[in-house]
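Residue numbers (the working numbering): 649 to 735.
For each residue, glycine too, the CB sits at the ideal point set by N, CA and C.
Written below as structure tokens is the structure these notes are about.
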């Protein structure tokens, strides 16, 4: 696994009317340049490494995680949210 070039932090979520998550609000920081962006993405887009690469590239941030690395990042940033939802 290569060194991560970004850090992702979940700032929160917006619920839809049916109590499901409508959007995740993420803070993305490029470690090399120090550039930070706040993005709001639907769960289906955040779950896809390819979609996240496209979304971040539109903000001039290069995301090079593999699918497995992206899945691990999601587990790390969303696991605390899962625990909070279940309580």
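Measuring straight from C-alpha to C-alpha, what distance separates residue 677 and residue 665? 31 Å
Buried or exposed for residue 667, going by 16 or more other Cβ atoms inside 10 Å? exposed
State the DSSP-derived secondary structure class of residue 661, mapped to helix, strand or coil. strand
Using 8 Å as the threshold, is the C-beta distance between residue 656 and residue 673 below it? no
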